[in-house]
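Encoded as structure tokens, the structure appears first; notes follow it.
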Amino acid sequence: MRGISDKRDFVAGLMFTTFGLAVAWISSGYEIGSARAMGAGYLPLVLGGLLAVIGLVIAGAALRQGTPSLPRVSPRIDWQPLLAITATVVLFALVIQVAGVVLTTAAVVIVSRLARRGYAWWETLILAAALTAVCVAVFYYGLGLQFPLWPAFG
Amino acid sequence: MELIDNLVLGFSVALTIQNILYCLLGTILGTLVGVLPGLGPLATIAMLLPISFGLEPTTALILLAGIYYGAQYGGSTTAILVNLPGETSAVVTALDGYQMARQGRAGEALMVAALGSFFAGTVGTLLIAAFAPSLSEMALRFGPAEYFALMVLGLIAAVVLAHGSVIKAIAMIIVGLLLGLVGTDVTSGDARFTFGSSHLADGIDFVVVAMGLFGIAEVISNVAGPEEERKVLGKLGLWKLSKEDFRRAAPAAVRGTFLGSILGILPGGGAVLGSFSSYMLEKKLSRTPQAFGKGAIEGVAGPEAANNAGAQTSFIPMLTLGLPSNGVMALMIGALTIHNIQPGPGVMSSNPSLFWGLIASMWVGNLLLVILNLPLIGVWIKLLTVRYRLLYPAIVVLCCIGVFSVNNSEFHVLLMALFGVLGYVFTKLECEPAPLLLGFVLGPMMEENLRRAMSLAKGDPSVFVTRPLSLVLLLVAAGLLVMMLAPAVARRREQAFEESHEA
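Heads up: the protein sequence lines correspond to chains A and B, in order. Here our numbering is used: the first residue of the first sequence is 208, the next is one more, and so on. Here our numbering is used: the first residue of the second sequence is 4, the next is one more, and so on.
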């Protein structure tokens, strides 16, 4: 019987192999040099190749193996938290310099709370207000970090 | 005596007002992290790295170290009071600690945990002070070949002693090594894997990788998980130990300390391995093994002492050899590098006040924990019921601001988002991200030593096997690897980890 853990090992193996091959291919464009005087491409080429082989071994073993170990983690991908949290971080990167720390922090908290349904909106607002106040106090006034407080108008 | 002189130097550094305050801050933050749900020491130290840039290197390390061992304390508090280990190292503490709490003996369990940890912390500090200098001296005589072999052994051992698939962890190490090579090659000056972007010319920032993999990815996993109910038992019980309790707990704590100290030095060991082993040992030695799991005080004292001792001694390879034995130590090495201190055997001679100051501060920190935590227990109890849904937006905000502030660069924040997604995918594929971090930290060092060794040997790879020390190190690494890949041993190892989970 092939369990879910096997399928995941197969995917993991392929991921490693793909990454290894990509690295090896890119580093073959760099100067390889010799064992005595290694160029920039020497070690990445070797490691990339090694990784590709290990990936194949993992994938191969997953195909052959009969008894899968119990999966510790649920294999289901939870799209909502994944997308919401990623979007939160990307949003921060895009707006921090333009919108300033006050609006950014508030927006980031609100977007991050979209990660799951059923959170109370008033809780989100209180959190946004509180965290914004703390961040402004600690990072803007306290540590003097380099970002604007408010959006620059005009 | 030299040891005394060194310790005096250490305490003269650790006992300045500023360092005591940061030590206190570190231990309080650590305890907080251990108590709060879904927030580990790795993520917290990663978040605080940028803030520590502005501090003196010694003060920065004192703060970060405090978080690490403080988290062990906090983790045991939740383990005892709500049966939820705040940290992996406190998993076994929950077994008997929570049972004691249910019998109305939570106070005793907390006392034993605190005193056991303090004893272990003291011994751990002394052990570091006693053994670190000779290890450092030995390591200073290492050539590049020995160093390379040592790093190979360190990485392999870290994988073998951690749980999970060995081969997948090795793949993760290689991914980490490769990520560590991104940026301008120091020897040739060629840009590698930068895709023409000037943002990557200096390599991928360590903070970005750590916060993405451990901060953001953990938030995604935790939010997706079920909301856990955290109910604190009403009565704490007595705040003192009876003679009988003491008689049973003290020897267990002593044994746990020594077991934990030894296992802590091993790569991959740290605090976790020690606490599991100590629990097994106490159960074996006990005349009443059936009492374990039903509130045996030895089952709290031993593992608690062991995890704290291990947390302390895992600093030894990091401080003397520049080798990280676990993820937290990889972060410490990152912190040293950020402060322009080359981790390795040179630290002790070039920065004696940092080295000894850090060690002395660990003892100070442990003392502060005992003095503070017993009266502060009420505060921790309030905090450990904080819901994750209120906590994670703060973690995300702190990660973003932290990474942004490193170089004032939006690019780094975007890169962190990428590593967050990657970390989540890794978790889903059951690939542990900690080995990647070890590889990432060691990548550039390994390449440099490999290059130097090979150019000294005029391109002859036999240098690694003709130099006796390098040969021995590589043989041990190969032996470990073969052992782990042998099916019989692999199965037994699997069972041992399963047992320690169920135990």
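All C-beta atoms in this analysis are idealised placements derived from N, C-alpha and C, irrespective of residue type, glycine included.
{"Check": "By DSSP, does Gly192 of chain B sit in helix, in strand, or in coil?", "Outcome": "coil"}
{"Check": "Between the Cα of Asn452 of chain B and the Cα atoms of B:Pro40, B:Gly337, B:Met154, B:Tyr71, which residue gives the shortest distance?", "Outcome": "B:Met154"}
{"Check": "According to DSSP, is Gly325 of chain B helix, strand or coil?", "Outcome": "coil"}
{"Check": "Would you mind listing the alpha helix (DSSP H) stretches within the segment 387–470 of chain B that are 4+ residues and don't spill past its ends, in chain order?", "Outcome": "391–410, 413–431, 437–459, 466–469"}
{"Check": "For Gly462 of chain B, which residues in chain A fall below 7 Å Cβ to Cβ?", "Outcome": "Ser241, Ala242, Arg243"}
{"Check": "Which residues in chain B have a C-beta closer than 8 Å to the C-beta of Gly262 of chain A? List them in chain order.", "Outcome": "Ala174"}
{"Check": "Could you tell me whether the Cβ of Ser55 of chain B comes closer than 9 Å to any Cβ of chain D?", "Outcome": "Checking the listed chains, one finds no chain D in this structure; the protein chains it contains are A and B."}
{"Check": "So the candidates are B:Leu32, B:Leu66, B:Leu180; which of them puts its Cα closest to the Cα of Gly78 of chain B?", "Outcome": "B:Leu32"}
{"Check": "Check the DSSP bridge columns for Met245 of chain A and list the partner residues they point to.", "Outcome": "A:Gly240"}
{"Check": "If Gly267 of chain B and Ala312 of chain B are in contact, beta carbons under 8 Å, what's the gap, nearest whole angstrom?", "Outcome": "6 Å"}
{"Check": "Please decide whether Arg271 of chain A counts as near chain B, where near means a Cβ-Cβ distance under 9 Å.", "Outcome": "no"}
{"Check": "Would you grab the beta carbon distance between Thr2 of chain B and Leu372 of chain B for me? Rounded to a whole angstrom, and I think it's under 8 Å.", "Outcome": "Not covered by the structure: residue 2 of chain B. The range shown for chain B is 4 to 506."}
{"Check": "For Ala17 of chain B, which residues in the same chain have their Cβ closer than 6 Å to its Cβ, ignoring the five residues on either side in sequence?", "Outcome": "Gly360, Ala363, Ser364, Val367"}
{"Check": "Using CA coordinates, which residue listed in A:Phe354, A:Phe346, A:Gly248, A:Val318 is at the minimum distance from Pro288 of chain A?", "Outcome": "A:Val318"}
{"Check": "So Ile83 of chain B contacts chain A; which residues on that side make the cut at Cβ distance below 9 Å?", "Outcome": "Simply none; closest approach about 25 Å."}
{"Check": "Listing by chain order, which chain B residues have their CB less than 7 Å from the CB of Arg320 of chain A?", "Outcome": "Pro396"}
{"Check": "For chain B, is any of its Cβ atoms less than 9 Å away from the one on Tyr348 of chain A?", "Outcome": "no"}
{"Check": "Does Pro282 of chain A have its Cβ less than 9 Å from a Cβ in chain B?", "Outcome": "yes"}
{"Check": "Could you name the residues of the same chain whose beta carbon sits closer than 6 Å to that of Met208 of chain A, not counting the 5 residues immediately before and after it, in chain order?", "Outcome": "Summary for Met208 of chain A: the model assigns pLDDT 41, below 50, so the residue's position carries little reliability, and this model does not support an answer."}
{"Check": "Candidates B:Thr316, B:Leu339, B:Gly446, B:Leu322: which alpha carbon is nearest Leu130 of chain B's?", "Outcome": "B:Thr316"}
{"Check": "Going along chain A in order, which residues have a C-beta closer than 7 Å to the C-beta of Arg2 of chain B?", "Outcome": "Chain B is shown from 4 up to 506; residue 2 of chain B falls before or after that span and cannot be answered."}
{"Check": "Distance cutoff 9 Å, beta carbons only. Does Gly307 of chain A sit that close to anything in chain B?", "Outcome": "no"}
{"Check": "Figure out for me which residue from B:Ala256, B:Ala109, B:Val485 has the closest Cα to the Cα of Asn310 of chain B.", "Outcome": "B:Ala256"}
{"Check": "At which residue ranges does the segment 72–150 of chain B contain complete alpha helix (DSSP H) runs of 4 or more residues, listed in the order of the chain?", "Outcome": "94–105, 109–143"}
{"Check": "Bridge partners of Gly186 of chain B, per DSSP?", "Outcome": "B:Arg195"}
{"Check": "Suppose only complete runs of 3+ residues qualify. What are the beta strand (DSSP E) ranges in the segment 27–56 of chain B, listed by chain order?", "Outcome": "none"}
{"Check": "With burial defined as no fewer than 16 other Cβ atoms inside 10 Å of the residue's Cβ, what is the status of Thr225 of chain A: buried or exposed?", "Outcome": "exposed"}
{"Check": "Quick check: is the beta carbon of Ala335 of chain A nearer than 9 Å to any beta carbon in chain B?", "Outcome": "yes"}
{"Check": "List, in order along the chain, the chain A residues whose C-beta lies closer than 7 Å to that of Asp208 of chain B?", "Outcome": "Per Cβ cutoff of 7 Å: no residues; Asp208 of chain B is ~14 Å from chain A at best."}
{"Check": "Tell me whether Arg251 of chain B sits in a helix, a strand or coil according to DSSP, three-state version.", "Outcome": "helix"}
{"Check": "Between which residues of its own chain and Ala229 of chain A is the CB-CB distance below 8 Å, once the five residues before and five after are set aside?", "Outcome": "Gly255"}
{"Check": "Using the C-alpha atoms, what's the distance from Ala247 of chain A back to Gly228 of chain B?", "Outcome": "43 Å"}
{"Check": "Does DSSP put Arg324 of chain A in a helix, a strand or coil?", "Outcome": "coil"}
{"Check": "Tell me whether the segment 33–49 of chain B and the segment 65–79 of chain B touch, counting them as touching only if at least three CB pairs, one residue from each stretch, are closer than 8 Å.", "Outcome": "yes"}
{"Check": "When you compare only the Cα positions, how much space is there between Ile177 of chain B and Val345 of chain A?", "Outcome": "39 Å"}
{"Check": "From the DSSP output, in three-state form, read off Glu221 of chain B for me.", "Outcome": "helix"}
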